[in-house]
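For reference, the structure discussed in these notes is given below.
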Amino acid sequence: MRRLAAAVMALACVAPAARAAQGDAPVDLELVLAVDVSYSMDVEEQQIQRDGYAAAIVSRPVLDAIGQGLIGRIAVAYVEWAGADDQRAIVPWRLIDGPDSARAFAAELAAQPLRRSFRTSLSGALSHGVRLFENNGYDGLRKVIDISGDGPNNQGAPVEAARDEAVERGVVVNGLPLMLKRQTFGFVDPTELDVYYRDCVVGGPGSFVLPVRAVEQFPEAVRTKLVMEIAGRAPDPDPGPAPERPVTRPASADAPHGVCSDGERLWRERFGE
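What follows is the structure in structure tokens.
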């Protein structure tokens, strides 16, 4: 019996190394950061978004969350997306296990030129994100797509179908809706983007929405969201609005449901396509 127990323990210790030797490195989390670069995002917003992620990944709260994981490392890919056929991994999968690898990731991200493109396909971004987990060389305890943007789906497959497929494959989808612009007549956007994200975009166990309503909220929002995703923490109940801080909303919050086809409908009404 003692020999059997010793053999089981030895196998448990060797298994992660064996997976790593085969190219599947064990990590606590495989994380796709999917970032909107459609023309509705101006250059200033894009730079703030890029700087926010670069700063968050090297921040002490994020590094502490990584270090406190069962394995102590995560894998991250940074994807920019716009229309249905426009998704680019500008920083492909990278292993982050401490300050040095985090700084290398941030430097690689900061070195990429900014770009903008046409249309908004959340469904395309989610489907692309799901494919990135296939044969990526990592074996994560959890898989998460962290998607940010400032508008609804207006091209490609229905967003809720792409979300449901991701969840069926064991991927959690969290959302960072950027509500930085005041609504104007004819602007192709639903009235409450955070409600749209909650009802149509995010999904999976513990999924949540973290809306950003002011530019100065963005750095804290990104840090908060990354820490929650790395630690696998479910959001706390919504304490009510606080103008100086972003408010986390669980995906299961009891509120009026948005219409998931709003973006497509509003686009057709304005542009006839």
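Numbering (mature numbering (1 follows the signal peptide of the UniProt record, and there is no 0)) for the sequence shown: -20 to -1, 1 to 253.
Beta carbons are placed, not taken as given, at the ideal position from N, Cα and C, and that holds for glycine.
Computed from a predicted model, the values in this text were never measured in an experiment.
In the structure shown, the three-state DSSP call for Asp77 is coil.
Each of Tyr118, Ala62, Val110, Ala36 was checked against the Cα of Arg96, and the nearest Cα belongs to Ala62. Here DSSP, grouped into helix, strand and coil, assigns Arg99 to coil. Taking Gly184 as reference, the option from Asp22, Asn154, Glu172, Met208 with the minimal CA-CA separation is Asn154. Under the three-pair Cβ rule at 8 Å, the region 204 to 214 counts as touching the region 120 to 133. Contact between Leu11 and Val59 does not hold, since the beta-carbon distance rounds to 11 Å and is not under 8 Å. Look at Asp242 here: in three-state DSSP terms it is helix.
Counting C-beta atoms within 10 angstroms of its own C-beta, Asn115 has fewer than 16 neighbours from the protein chains shown and is therefore classed as exposed. Look at the beta carbons and you see the region 64 to 81 not touching the region 20 to 36: under three pairs across the two are nearer than 8 Å. Going by beta carbons, Pro191 and Asp174 fall inside the 8 Å limit. By the C-beta density criterion, Gln92 is exposed, having fewer than 16 other C-beta atoms within 10 angstroms. A distance of 8 Å or more separates the beta carbons of Gly117 and Ala14.
Leu50 sits in coil when the DSSP states are folded into three classes, being neither helix nor strand. Residue pairing of Phe198 in beta bridges, as defined by DSSP: absent, with no partner found. Under a 10 Å Cβ-count criterion, Tyr176 is classified as buried, with 16 or more other Cβ atoms of the shown protein chains found around its own Cβ.
In this structure, the CA atom of Ser187 is about 6 Å from the CA atom of Val152. Around the beta carbon of Phe113, 16 or more other beta carbons sit within 10 angstroms, so the residue counts as buried. In chain order, Phe198, Pro199, Val202 place their CB closer than 7 Å to the CB of Gly32, counting only its own chain and leaving out the 5 sequence neighbours on each side.
By the C-beta density criterion, Leu102 is buried, having at least 16 other C-beta atoms within 10 angstroms. Shown here, Glu148 sits in a helix according to DSSP, grouped into three states.
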